[in-house]
Amino acid sequence: MRISTQQYFETSSAKYQDNYSSVVKAQDQASSGVRVQTAADDPVAAARLLMLQQQKDMLGQFNGNIDTLKNSLNTEDGVLENINTALQKASELALKAGNVGISDADRKSIAAEVGSIEDQVLGLLNTKDANGNYMFSGSKTDTPPYLRNNDGTYSYQGDDTPLSLKVAENLSISMGDTAKTMLESSANTGRTQSTRVLVPPAVDDNKVTVSAGLVASGATYNSSFADGQPYKLTFTSSTQYTVSDSAGNDITSEIPGNGTFDSTKEGASTINLRGVKFDIGLDLGKGVAPGAPSDALVKDREFSLSVKPDTFSVSRTPSNPTTAQLSGGQVTNQTAYASTFPNAGAVVKFGAAGAYDVYAQPYTADSKSIASGTLAVGDTSITAAGVTFDVTTAPAPDDGDQFTIGATSNKNENVLDTLSHLRRTLEAPSDGNPAAQKELKDVVARSIGNLANAYGQVDQVRGSIGARLNGLDIQTQENTSLSLANSTTMNALGNVDFADAAINLSLQQTMLQASQLAFVKISQLSLFNKM
Numbered sequence: 001m002r003i004s005t006q007q008y009f010e011t012s013s014a015k016y017q018d019n020y021s022s023v024v025k026a027q028d029q030a031s032s033g034v035r036v037q038t039a040a041d042d043p044v045a046a047a048r049l050l051m052l053q054q055q056k057d058m059l060g061q062f063n064g065n066i067d068t069l070k071n072s073l074n075t076e077d078g079v080l081e082n083i084n085t086a087l088q089k090a091s092e093l094a095l096k097a098g099n100v101g102i103s104d105a106d107r108k109s110i111a112a113e114v115g116s117i118e119d120q121v122l123g124l125l126n127t128k129d130a131n132g133n134y135m136f137s138g139s140k141t142d143t144p145p146y147l148r149n150n151d152g153t154y155s156y157q158g159d160d161t162p163l164s165l166k167v168a169e170n171l172s173i174s175m176g177d178t179a180k181t182m183l184e185s186s187a188n189t190g191r192t193q194s195t196r197v198l199v200p201p202a203v204d205d206n207k208v209t210v211s212a213g214l215v216a217s218g219a220t221y222n223s224s225f226a227d228g229q230p231y232k233l234t235f236t237s238s239t240q241y242t243v244s245d246s247a248g249n250d251i252t253s254e255i256p257g258n259g260t261f262d263s264t265k266e267g268a269s270t271i272n273l274r275g276v277k278f279d280i281g282l283d284l285g286k287g288v289a290p291g292a293p294s295d296a297l298v299k300d301r302e303f304s305l306s307v308k309p310d311t312f313s314v315s316r317t318p319s320n321p322t323t324a325q326l327s328g329g330q331v332t333n334q335t336a337y338a339s340t341f342p343n344a345g346a347v348v349k350f351g352a353a354g355a356y357d358v359y360a361q362p363y364t365a366d367s368k369s370i371a372s373g374t375l376a377v378g379d380t381s382i383t384a385a386g387v388t389f390d391v392t393t394a395p396a397p398d399d400g401d402q403f404t405i406g407a408t409s410n411k412n413e414n415v416l417d418t419l420s421h422l423r424r425t426l427e428a429p430s431d432g433n434p435a436a437q438k439e440l441k442d443v444v445a446r447s448i449g450n451l452a453n454a455y456g457q458v459d460q461v462r463g464s465i466g467a468r469l470n471g472l473d474i475q476t477q478e479n480t481s482l483s484l485a486n487s488t489t490m491n492a493l494g495n496v497d498f499a500d501a502a503i504n505l506s507l508q509q510t511m512l513q514a515s516q517l518a519f520v521k522i523s524q525l526s527l528f529n530k531m
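Its first residue numbered 1, the sequence shown is counted upward by one per residue in full-length UniProt numbering.
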């Protein structure tokens, strides 16, 4: 078979170009150190390199998130440290205000200092981060956590969903804490009350007082106090008393001291009743001698010791077709209230024939009823989720009236309300007023306990911050190890061995030179050379 000159030249040219391309490629690999420059160089390695590059980019993002988290957590810790410093100062002021001999003027001066701390703590809780977001509002970063109400109380406006960032494939770290988790769950030591039992027209002369009580053991209080309340405390003399529960059972023997007390000695006039401490105070007058005269003044005085009831706020929907209103609010079924009434509040919606349903807030068209009942003709009250409310007029039977109910529990108290209540109590005159003096002692004692609880709650959060920062340090090391392993694998797959690259370049250059020489030799041949 004859090969034409054109075919020969085309074949030789193509081969030469291939060899030249191989040399260029070998030169590029040797100079850049990269073996897989396109997917065609090694399809399997190219796919693997793409996955490794994605992992490398993700590790870079994780490391960036770790830096963001560290900055955020360190900033939060600094704010919380300042809050605890302020709370410590407030506790010292509360102790000072409770000292004997402090006058109204002195207490007013202390109240001004407490008010300054109150403003400071409010400002700290409403702190913004470097990006202009509120730190303690959870996911509602554009909403200040706390708002001061007209009555001097405070309302939390954020939520309980802290923001978080991923620092590993299966690990996310919270970048902050919500004020709701931190302070709204702070235990209130003043959850109880004492009330003098009087038969009208008798009035309380405050010669014998019993404090409102402080929760000393939350576990004992939760397990036994509420079940037996209200308790009846009856004095039998100026040194003895008896206590009975709501069923009339005498439980005096449960109390340390077995019903005896000494009002003249510090700490000897405390009633430790099922996790709650009540202090007895006697102010019988200078001319009253101990023994029979004082016994006659104290004997048969009765006090009711109980849990402070939750309070309820009711608001009617402006679009209601009638002027009906729900008012009051009293827990009449403790079991139903504890198990049914929603923490976020409830919505009562009336329908036909006086029927009504109770829904958890927030109410939507898809909400399911959690309780129901019927307002019969002539009824003046309804019971919703264990709470009884007065009804002024009958709600509309067809269009339906709707009411929103909020519950305020005494189980917890945020520290801003504690400071506000303390400040307002210190501002009120109490010199020469036994009732005001008793209220002052109760508020000071409760404030000291609540400030200590808030301080401990903040400390727990600071401990959590420290744990998260330690976790971030560990994860940083883990991510660094993964990055090193990632880089090693990528180098092995995508980079060249320079010794092999040099040998390959030399080989390709030799092959190119050989193809050049062969082309020159063969191009000089013709049929005439063979004759």
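Just so you know, even glycine gets a beta-carbon here, dropped at the ideal spot from N, CA and C.
Would you identify the three-state DSSP class for Thr85, choosing helix, strand or coil?
Three-state DSSP puts Thr85 in a helix.
For Ala407, count neighbouring Cβ atoms within 10 angstroms of its own Cβ and tell me buried if that reaches 16, exposed if not.
buried
Determine the burial state of Gln457: buried for a count of at least 16 other Cβ atoms within 10 Å of its Cβ, exposed for fewer.
Burial check for Gln457: the Cβ neighbour count within 10 Å reaches 16 or more, so the residue is buried.
Relative to the C-alpha of Ile465, which residue among Ser339, Glu169, Ser174 is closest?
Ser174
Thinking Val358 and Ser369 are a contact (beta carbons under 8 angstroms), I'd like their distance in whole angstroms, please.
6 angstroms
Would you kindly work out how many angstroms separate the C-alpha atoms of Thr242 and Thr252, rounded to a whole number?
5 angstroms
Pop quiz: Leu163 and Ser185 are said to be a contact at Cβ under 8 angstroms. What is the actual Cβ separation, rounded to whole angstroms?
With a Cβ gap of about 19 angstroms, Leu163 and Ser185 do not count as contacting.
By the three-class DSSP mapping on this structure, what secondary structure does Val461 have?
helix
May I ask you to verify whether the segment 65-79 touches the segment 122-136, counting CB pairs closer than 8 angstroms and requiring at least 3?
yes
With DSSP as the reference, label Ser447 as helix, strand or coil.
helix
Starting from the Cα of Ser319, find the closest Cα among Lys56, Phe403, Asn74 and give me that residue.
If we check each option's Cα against that of Ser319, Phe403 comes out closest.
List in chain order: all unbroken beta strand (DSSP E) runs of 3+ residues lying wholly within the segment 365-425.
371-374, 381-384, 387-391, 402-408
Evaluate contact between the segment 212-226 and the segment 469-484, counting only Cβ atoms and requiring at least three cross-stretch pairs below 8 angstroms.
no
What first and last residue would you give for the beta strand (DSSP E) that runs through Tyr363?
It is not in any beta strand (DSSP E) - Tyr363 carries neither H nor E in the DSSP assignment.
Between the CA atoms of Leu282 and Arg468 - distance to the nearest angstrom:
Arg468 and Leu282: Cα-Cα distance of roughly 52 angstroms.
Any contact of the segment 90-107 with the segment 143-151, i.e. 3+ C-beta pairs under 8 angstroms?
At 8 angstroms Cβ cutoff, the stretches do not touch.
Selection from Tyr356, Asp205, Lys286, Ser116 that minimises the alpha carbon distance to Arg301:
Asp205
Within this structure, are the beta carbons of Gly176 and Leu214 separated by less than 8 angstroms?
no
Helix, strand or coil: how does DSSP classify Arg301 here?
coil
What residues match up with Asp357 in a beta bridge as DSSP calls it?
Lys349, Ser372
Am I right that Ala90 and Val114 are in contact with their C-beta atoms under 8 angstroms? What's the rounded C-beta distance?
Correct: roughly 6 angstroms between the Cβ atoms.
For residue 534, count neighbouring C-beta atoms within 10 Å of its own C-beta (all shown protein chains included) and say buried if the count is 16 or more, exposed if not.
Not covered by the structure: residue 534. The range shown for the chain is 1 to 531.
With 16 other CB atoms within 10 Å as the buried threshold, where does Ala454 fall?
buried
Is the Cβ-Cβ distance between Ile110 and Leu426 less than 8 angstroms?
yes
DSSP puts Gln229 in a beta bridge; with which residues?
Beta-bridge pairing links Gln229 to no other residue.
Return helix, strand or coil for Asp279, following the three-state DSSP convention.
strand
On the premise that Lys299 lies in contact with Thr236, defined as a C-beta separation below 8 angstroms, what is that separation, rounded to the nearest angstrom?
6 angstroms
Mind checking whether Ala297 and Lys232 have CB atoms under 8 angstroms apart?
One detail in the question is off: residue 297 reads as Leu in this sequence, not Ala. Against a cut-off of 8 angstroms, the Cβ pair of Lys232 and Leu297 comes out as no contact.
What is the DSSP secondary structure of Asn65, reduced to helix, strand or coil?
helix
Determine the direct distance from the alpha carbon of Asp129 to that of Asp67, and round the result to whole angstroms.
Roughly 15 angstroms separates the two Cα atoms.
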